[in-house]
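Everything below concerns the one structure shown next.
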Amino acid sequence: MALPAHSKFVIIGAGIHGLSTAWRLAERLGASGKGGGADIVILDKTGLAAGASGIACGVVRNNYFQPAMRKLMAHSVGVWESDAEALSYHPVGYMQISSESMRGDVGQIYAQQQAIGYESVLIEGEAASTDYMKAIFNDWRAQGITSVLHEKRGGYSNQTKTLYALADKVEKLGVRIISGVEVTGFKSENGSSAIAAVETDKGEISCEQIIIGCGPWARDFWKMLELPSQITVKDLKGDVHQGVDMWRFWQLEEGVLKVDPGMMMANDGNVPPVIHVDTDAPLKSTVDGSLITDEMWGIYYKPDWHFGGIQGGASPYKVTTPVNEVAIDPYGPSSPEFVSSPEFAHMWVSALAHCQSRFENMMPKYHREASGGIGCFTADSFPVFDHFHENVAVIADSNHGWKMIGVGHLIADEVLGEKQDLLEPFRFDRFEKGNLHPVSNSPYPWS
Ligand SMILES: Cc1cc2nc3c(=O)[nH]c(=O)nc-3n(C[C@H](O)[C@H](O)[C@H](O)COP(=O)(O)OP(=O)(O)OC[C@H]3O[C@@H](n4cnc5c(N)ncnc54)[C@H](O)[C@@H]3O)c2cc1C
Numbered sequence: 001m002a003l004p005a006h007s008k009f010v011i012i013g014a015g016i017h018g019l020s021t022a023w024r025l026a027e028r029l030g031a032s033g034k035g036g037g038a039d040i041v042i043l044d045k046t047g048l049a050a051g052a053s054g055i056a057c058g059v060v061r062n063n064y065f066q067p068a069m070r071k072l073m074a075h076s077v078g079v080w081e082s083d084a085e086a087l088s089y090h091p092v093g094y095m096q097i098s099s100e101s102m103r104g105d106v107g108q109i110y111a112q113q114q115a116i117g118y119e120s121v122l123i124e125g126e127a128a129s130t131d132y133m134k135a136i137f138n139d140w141r142a143q144g145i146t147s148v149l150h151e152k153r154g155g156y157s158n159q160t161k162t163l164y165a166l167a168d169k170v171e172k173l174g175v176r177i178i179s180g181v182e183v184t185g186f187k188s189e190n191g192s193s194a195i196a197a198v199e200t201d202k203g204e205i206s207c208e209q210i211i212i213g214c215g216p217w218a219r220d221f222w223k224m225l226e227l228p229s230q231i232t233v234k235d236l237k238g239d240v241h242q243g244v245d246m247w248r249f250w251q252l253e254e255g256v257l258k259v260d261p262g263m264m265m266a267n268d269g270n271v272p273p274v275i276h277v278d279t280d281a282p283l284k285s286t287v288d289g290s291l292i293t294d295e296m297w298g299i300y301y302k303p304d305w306h307f308g309g310i311q312g313g314a315s316p317y318k319v320t321t322p323v324n325e326v327a328i329d330p331y332g333p334s335s336p337e338f339v340s341s342p343e344f345a346h347m348w349v350s351a352l353a354h355c356q357s358r359f360e361n362m363m364p365k366y367h368r369e370a371s372g373g374i375g376c377f378t379a380d381s382f383p384v385f386d387h388f389h390e391n392v393a394v395i396a397d398s399n400h401g402w403k404m405i406g407v408g409h410l411i412a413d414e415v416l417g418e419k420q421d422l423l424e425p426f427r428f429d430r431f432e433k434g435n436l437h438p439v440s441n442s443p444y445p446w447s
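So the sequence shown is residues 1 to 447, counted in the working numbering.
Structure (structure tokens):
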């Protein structure tokens, strides 16, 4: 498709956020008789599903220690539920299963979920937690679990199916998705900081509003927008840190056990909730019984017919390459550098066996193809949703944002002039002002 010389709204990135923004914007513009999606183009240097959205595990949950994240997730779960079938969303629920060090945090999450009307059940104590899990899986055997938070909403979705469904939705509303166009910079209005045109390798597009949903490429767009690569951060104790890198990369480790997903059915014959375990119980190898770790570890898994097996992941690890030298392209499984490691496979399959005896001796079934990918995280690992240069909205989701399908809707409303309270805790100035999100005892950078 040829690049138009002008489009009122230019959305950069055909991932979950770009498409979700286009969906809401086109619906709203159409409703007000202003032409629906005809005023919107989405540009992507590769195409649909080329970024993190195309490889995400697809887990949708509310379980966050940060009140602002929980409120935002509750909104997003509502968007998933609004068209579950078309979005290929499976509302099977989600379980956070934890050892004692996380019990207090999980208790707080539960209390606040009740306060916002998000349906969940909390089981506490080792015997009660084991009984609860055995009622779901008769082969459950993880030791030292003292709390189970069972979210009745949430579940998972099938990334590429969801993205194709969203693309179909927006194209029916008149939005044009143009692949193979790389954005290279932005051109300001004379005498103002507002952006007048998007520069690409195929020419310029003049525009009135720009929305960037750039996933792991946040570092590069931040630079194109001439925003600071190092920032001042006031931490939760009030101490001020100068010269903190705005961005850092983590490798998200995921993989698949190539077995019949039906082997993970619950005792009642139904698809079980997504399972997430965080524990400090010693983890032993399912291959030779050796100790893998006696420190806190975490995994998540689900039966997934889209991935063709039991799919899941573990805590990510920090990429140590200096931030400006990290090669984001080629992305995901095509990267020569950033794919899930053999150590991950050994740990994850051993952890499955630690939790359920049905996974004993399954190491040979681990799918050896490259998987996983890097994420670009902010200084506090929570997203930045904000507006810059008068007319540029940035959705930098810090790469745990597949589930946040509702953010694009909220950004679309903001672009149309309606500030959204749910997005306020995610503005860029929180670092300088010290309005950071509270931090939990979870082994993940974002929970
Ligand atoms: C392995 C893995 C598993 C994950 N699992 C989950 C999960 O279970 N649940 C969850 O909530 N989150 C998960 N995430 C995080 C989630 O995938 C991301 O947060 C989310 O998909 C980001 O969406 P996005 O639309 O911002 O970016 P992306 O999907 O990355 O899309 C960005 C797009 O921008 C395009 N682009 C980049 N640069 C340019 C340019 N210069 N010009 C034009 N186009 C450009 C890219 O081609 C790409 O298509 C996971 C991430 C990874 C890596």
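In this text, a Cβ means the ideal position worked out from N, Cα and C, and glycines have one as well. Predicted model only: the values in this text are computed from it and were never measured.
Just to confirm, does residue i get its C-beta within under 7 Å of one of the non-hydrogen atoms of ligand 1?
i      : result
Lys45  : yes
His276 : no
Trp402 : yes
His306 : no
Glu254 : yes
Ile12  : yes
Pro216 : yes
His387 : no
Ile177 : no
Asn399 : yes
His90  : no
Ala86  : no
Cys376 : no
Ala56  : yes
Ile123 : no
Glu182 : yes
Gly78  : no
Ile205 : no
Val41  : no
So, does the CB of residue i fall closer than 8 Å to a CB anywhere in chain B?
i      : result
Cys376 : No chain B appears in this structure, which consists of one protein chain only.
Using a 10 Å radius around the Cβ and a threshold of 16 neighbouring Cβ atoms, would you call residue i buried or exposed?
i      : result
Pro261 : buried
Leu291 : exposed
Lys237 : exposed
Trp305 : exposed
Glu253 : buried
Pro445 : buried
Pro303 : buried
Gly417 : exposed
Val240 : exposed
Lys134 : exposed
Pro336 : exposed
Glu151 : buried
Gly191 : exposed
Ile116 : exposed
Asp380 : buried
Gly289 : exposed
Pro330 : exposed
His6   : exposed
Lys187 : exposed
Asn492 : With the chain covering 1 to 447 only, the question about residue 492 has no answer from this structure.
How far does the alpha helix (DSSP H) with residue i in it reach, from first residue to last?
i      : result
Thr130 : Glu126 to Ile136
Lys71  : Pro67 to Ser82
Gln159 : Gln159 to Lys172
Arg219 : Ala218 to Met224
Trp23  : Ile16 to Ala31
Phe249 : It is not in any alpha helix (DSSP H) - Phe249 instead sits in the beta strand (DSSP E) that spans Arg248 to Leu252.
Glu432 : Arg430 to Lys433
Can you give me the start and stop residues for the beta strand (DSSP E) that residue i sits inside?
i      : result
Phe9   : Phe9 to Ile12
Asp105 : Per DSSP, Asp105 belongs to no beta strand (DSSP E); it is in the alpha helix (DSSP H), Arg103 to Ala115.
Ala196 : Ile195 to Thr200
Lys234 : Gln230 to Lys234
Glu204 : Gly203 to Ser206
Tyr94  : Tyr94 to Ser99
Leu483 : The shown model of the chain, from 1 to 447, leaves out residue 483, and the question about it has no answer.
* **Secondary structure, beta strand (DSSP E): runs of 3+ residues fully inside the stretch 368-419** => Runs of the beta strand (DSSP E) inside the stretch 368-419: 373-377, 384-388 and 392-396.
* To do: Taking only runs that begin and end inside the stretch 290-358, name each unbroken beta strand (DSSP E) of 3 or more residues, in chain order.
  => Considered as a whole, the stretch 290-358 harbours 291-293, 297-304 and 309-314 as its complete beta strand (DSSP E) runs of no fewer than 3 residues, in chain order.
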